[in-house]
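Engineer: In the numbering used here, the protein residues as written are 27 to 504.
The beta-carbon is built from N, C-alpha and C at its ideal position, and this holds for glycine as well.
Only a predicted model underlies this, so the values are computations on that prediction, with no experimental measurement involved.
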Amino acid sequence: MTALPPPAGGPLDLDPEELRRLGHWVVDRTVEHLTTLRDRPAITTASYDDLVAVLGGALPVDRRPVEEGLELLADVALEHQQHGDHPRYFARVPGPSSPVAILGDWLATGMQAIASSWGGGSGTATLELVALGWLRDALGLPAAAEGVLCSGGSMANTTALATARAEMGPGIVYVSDQTHSSIGRSLRALGWDAAEIRVVPTDASYRLTGAALGAAVAADRAAGLRPSVVVATAGSTNTGAVDELVGLAEVAAEHGLWLHVDGAYGGPAALAADRNGIAGLDRVDSFVLDPHKWLFQPYDLGCVWVCRPGALERTFAMHPEYLVDAQAGGHGPDGEADLHNRGFELSRRARGAKLWLTLRTYGLPTLVAAVQRGVELAEVAERLVAADERLEVVTPASLGVTTFAVVGLDDAAHRRVAADVTADGFAALTSTVLSGRTVLRLCTINPATTDDDLRRTVALVAALATGVGGRGGDGSPR
Ligand SMILES: *Cc1c(COP(=O)(O)O)cnc(C)c1O
């Protein structure tokens, strides 16, 4: 293809009409993606060699038509992914983003939105503060909780734990055998050494209990050590288990511990009127949830709240000479704030735009109903597994997660079944390990999933595992 002549305006310009036309192309491709997803594979992967043969080569020297690159993006690069928004993507944690959130993100990108200092982005900071305030109140977090948006659960938890470390000083931190792996990484990176991290065993339902925490704290006290922070989980990634938060809050209060709750996965379930079993959020010191998991946002977006007034700013504020003109300096749950002083990021994407637009457009009851559908779908999955004599339920439905096993199959065969289902393309699911046993896991948080999607997926698992029957279990085509 021949090189294009330089544009009339600046060296990077696109003609406005050309930009409009290409923008429409991007919108059309996105709509096509969303409307044909159900008929395409849930996960597509290829080798590096195959991908780089199309996407790599020497760094271009001549200007090329944008279409060429856009088509490679859409047809090749963005096609080879886990499609977390696919209605039969049940692997790991899906990412069923919503069209309204996509629009909010696009507009913020187009307008080069930043949410850093107050002076540098008062409108974007207000979106973030308002959205965090709406969610704080709907979740029943303390009214004094101050929040900030991050790239996801890993950074949100790291922000909370860095704050806990700064406020509490060194000491022993308690996690469970079901705590998300990124928490261990954060603790190590923040300076906790292995001798200061206690992994407390969970109960038969994979929950951290107040009794188990109390015993571990008492043992450390007796040894002259200083208990400091407990990390609880509201919706574990493995089984959707919710730790005994009220019991943990009591132990934390008795021993002066910082109670951090990781709701990166399950947190949105607490928006329901009955909180789906996530009680006690009014007693936490910090809380995290990931809207890019179960609050219908495109990547990336995590929320963290810290309930001790001023603690985020005490941990993260900086006032260099080149920023003072833009800073508001204030803090508090509401009111002017320099959001770069509440976490690790200085130049920050205005992640509040998509979240605010989602909350403002759909309203809370619609979003809660969409979350609740995920809770129900896991119950449907549990019933389907229980009704199939080739399968057995391992952990019952909990916050959108059901785990199960194929009767008589060993660990390696379970991993093979997960790979076979995914390779088939009809659906995607993953294995996990519970109490040393490899099992299959369905995470069902996409409100576009139908009962029939689950019925066919469970039947496909059973058929591939036992070599009997076809797709959908009844020989029907997808
Ligand atoms: C996914 C997850 C995390 C990490 O969140 P990211 O957004 O992937 O960084 C932390 N904790 C739990 C419980 C999770 O499910």
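Give me the residue from V287, L321, P324, E94 with the minimum Cα distance to D308.
Structural biologist: As a working mapping, residue 308 is identified with position 282 in the sequence shown. With distances taken between Cα atoms, D308 lies closest to V287.
Engineer: Do you know whose CA, among I209, S202, P168, lies nearest G306's CA?
Structural biologist: Taking the sequence shown and counting its residues from 1, one reaches residue 306 at position 280. Checked all of I209, S202, P168; the closest Cα to G306 is P168.
Engineer: Quick check on D500: buried or exposed, where buried means 16 or more other Cβ atoms within 10 Å of its Cβ?
Structural biologist: As a first step, residue 500 must be located in the sequence shown, where it is residue number 474. Note that D500 scores 42 on pLDDT, short of 50, meaning its location in the model is unreliable; the coordinates nonetheless yield the value given after this. Per the 10 Å Cβ criterion, exposed.
Engineer: In the DSSP output, what is W160 paired with across the bridge?
Structural biologist: As a position in the sequence shown, residue 160 is number 134, starting the count at 1. Partner(s): none; W160 has no beta bridge.
Engineer: Could you tell me whether the segment 348-364 touches the segment 309-322, using the rule of 3 or more Cβ pairs below 8 Å?
Structural biologist: No, the segment 348-364 does not touch the segment 309-322.
Engineer: Name the DSSP beta bridge partners of R467, please?
Structural biologist: Residue numbering aside, residue 467 sits at position 441 when the sequence shown is read from its first letter. Answer by DSSP bridge pairing, in chain order: T429, T456.
Engineer: Cutting at 6 Å between CB atoms, please list the residues of its own chain near S502, excluding the five before and the five after it.
Structural biologist: If you number the sequence shown from 1, residue 502 lands on position 476. Low confidence applies here, because S502 scores a pLDDT of 42, under 50, leaving its location unreliable and the question unanswered by this model.
Engineer: Name the two residues that bound the continuous beta strand (DSSP E) containing I198.
Structural biologist: Locating residue 198 in the sequence shown gives position 172, where the first residue counts as 1. Residues 198-202.
Engineer: Quickly, what does DSSP pair A260 with across the bridge? List them, please.
Structural biologist: As a working note, residue 260 is residue 234 in the sequence shown. Paired residues: V268.
Engineer: Return the Cβ separation of L536 and V487 in integer angstroms, given the expectation that the two are a contact with Cβ distance under 8 Å.
Structural biologist: The question about residue 536 has no answer here: the residues shown for the chain are numbered 27 through 504.
Engineer: Going along the chain, which residues of its own chain have a beta-carbon closer than 8 Å to the beta-carbon of L63, five neighbours each way excluded?
Structural biologist: Numbered from its first residue, the sequence shown carries residue 63 at position 37. For L63, where only same-chain residues beyond five positions count, the Cβ hits under 8 Å are H109, D111, H112, P113.
Engineer: Check each candidate in A34, S143, E339 and name the one with the smallest Cα separation from E193.
Structural biologist: In the sequence shown, counting from the first residue as 1, residue 193 sits at position 167. If we check each option's Cα against that of E193, E339 comes out closest.
Engineer: Report buried or exposed for R191, applying the criterion of at least 16 other Cβ atoms within 10 angstroms of its Cβ.
Structural biologist: Position 165 of the sequence shown, counting from 1, holds the residue named residue 191. Buried, since its Cβ has 16 or more Cβ neighbours within 10 Å.
Engineer: Pairs of beta-carbons, one from the segment 387-401 and one from the segment 196-204, closer than 8 Å: are there three or more?
Structural biologist: Segments in contact, no.
Engineer: Do three or more CB pairs link the segment 171-181 to the segment 268-287 at distances below 8 Å?
Structural biologist: Taking 8 Å as the limit for Cβ pairs, the verdict is that the segment 268-287 does not touch the segment 171-181.
Engineer: Run the proximity test for N183: is its beta-carbon closer than 8 Å to any non-hydrogen atom belonging to ligand 1?
Structural biologist: The residue labelled residue 183 in the question sits at position 157 within the sequence shown. At least one heavy atom of ligand 1 is nearer than 8 Å to the Cβ of N183, so yes.
Engineer: Around ligand 1, which residues pass a check of Cβ closer than 5 Å to any of its heavy atoms?
Structural biologist: The answer, residue by residue, is G178, G179, S180, H206, S208, T263, D288, A290, Y291, D316.
Engineer: Any contact of the segment 444-459 with the segment 76-92, i.e. 3+ C-beta pairs under 8 Å?
Structural biologist: Because the criterion of three Cβ pairs below 8 Å is not met, the segment 444-459 and the segment 76-92 do not touch.
Engineer: Using a Cβ-Cβ cut-off of 7 Å (strictly less than) and excluding sequence neighbours within five positions of Q398, which residues of its own chain qualify?
Structural biologist: Reading the sequence shown from its first residue, position 372 is the one you call residue 398. A298.
Engineer: Could you say which of T483, G378, R441 lies nearest to G130 if we only look at CA atoms?
Structural biologist: The count along the sequence shown starts at 1 and reaches residue 130 at position 104. Of T483, G378, R441, the residue nearest in Cα terms is G378.
Engineer: When the Cα atoms are used, what is the spatial distance from E231 to D65?
Structural biologist: For this step, residue 231 is matched to residue 205 along the sequence shown. For this step, residue 65 is matched to residue 39 along the sequence shown. Note that residue 231 is Ser in the sequence shown here, rather than Glu. Going by the C-alpha atoms only, they are around 37 Å apart.
Engineer: Alpha carbon to alpha carbon, how far is G451 from T71? Give it in angstroms, no decimals.
Structural biologist: The residue labelled residue 71 in the question sits at position 45 within the sequence shown. The residue labelled residue 451 in the question sits at position 425 within the sequence shown. About 11 Å.
Engineer: Taking the continuous alpha helix (DSSP H) assigned at L85, which residues delimit it?
Structural biologist: The count along the sequence shown starts at 1 and reaches residue 85 at position 59. Where L85 is concerned, there is no enclosing alpha helix (DSSP H), given that its DSSP letter is neither H nor E.
Engineer: Whose C-alpha, out of N183, S123, G266, R375, is nearest the C-alpha of T135?
Structural biologist: Residue 135 sits at position 109 when you count from the first residue of the sequence shown. Of the listed residues, the one whose Cα sits closest to T135 is R375.
Engineer: Would you mind reading off the limits of the beta strand (DSSP E) that contains I16?
Structural biologist: Examination of residue 16 is not possible in this model, given that the chain is present from 27 through 504 alone.
Engineer: Beta-carbon separation of R301 and F342 under 9 Å?
Structural biologist: Your numbering for residue 301 matches position 275 in the sequence shown. Your numbering for residue 342 matches position 316 in the sequence shown. No, the Cβ-Cβ distance between R301 and F342 is not below 9 Å.
Engineer: Measure the CB-CB distance between L381 and T429 and report whether it falls below 9 Å.
Structural biologist: Here residue 381 is taken as the residue at index 355 of the sequence shown, counted from 1. Here residue 429 is taken as the residue at index 403 of the sequence shown, counted from 1. No, the pair does not count as a contact, with Cβ atoms beyond the cut-off.
Engineer: Is G240 near ligand 2, in the sense that its beta carbon is under 8 Å from a heavy atom of that ligand?
Structural biologist: Although ligand 2 was asked about, the structure shown includes only ligand 1 as ligands.
Engineer: Can you give the Cα-Cα distance for T458 and E58, rounded to whole angstroms?
Structural biologist: As a position in the sequence shown, residue 458 is number 432, starting the count at 1. As a position in the sequence shown, residue 58 is number 32, starting the count at 1. Distance between the alpha carbons of T458 and E58: 33 Å.
Engineer: Would you say T470 and V420 are within 9 Å of each other, going by their C-beta atoms?
Structural biologist: Here residue 470 refers to the residue found at position 444 when the sequence shown is read from its first residue. Here residue 420 refers to the residue found at position 394 when the sequence shown is read from its first residue. For T470 and V420, no; Cβs fall outside 9 Å.
Engineer: Closest to A337 by C-alpha separation, out of S424, S262, A188, would be which residue?
Structural biologist: Sequence index remark: in the sequence shown, residue 337 carries index 311 (1-based). Cα-wise, what sits closest to A337 is A188.
Engineer: Taking the C-alpha atoms as reference points, what is the distance between R504 and L98?
Structural biologist: For the purposes of this step, residue 504 is taken as residue 478 along the sequence shown, with counting starting at 1. For the purposes of this step, residue 98 is taken as residue 72 along the sequence shown, with counting starting at 1. Its pLDDT being 39, under 50, R504 is placed unreliably in this model, and the value from its coordinates should be taken loosely. Approximately 28 Å, taken between the alpha carbons.
Engineer: Could you check which residue in T152, I304, S212, V443 has the C-alpha nearest to that of G361?
Structural biologist: As a first step, residue 361 is located in the sequence shown; it is residue number 335 there, counting from the start. Checking every option, the nearest Cα to that of G361 belongs to T152.
Engineer: How would you call Y115, buried or exposed, if buried means at least 16 neighbouring beta carbons within 10 angstroms?
Structural biologist: For the purposes of this step, residue 115 is taken as residue 89 along the sequence shown, with counting starting at 1. Its Cβ being crowded by 16 or more others within 10 Å, Y115 is buried.
Engineer: In angstroms, rounded to a whole number, what distance separates the CA positions of V484 and D414?
Structural biologist: Looking up residue 484 in the sequence shown gives position 458. Looking up residue 414 in the sequence shown gives position 388. Spanning the two alpha carbons is a distance of roughly 9 Å.
Engineer: Could you tell me whether the Cβ atoms of G509 and L425 are closer together than 9 Å?
Structural biologist: Only positions 27 to 504 of the chain appear in the structure, and residue 509 is not among them; the question remains open.
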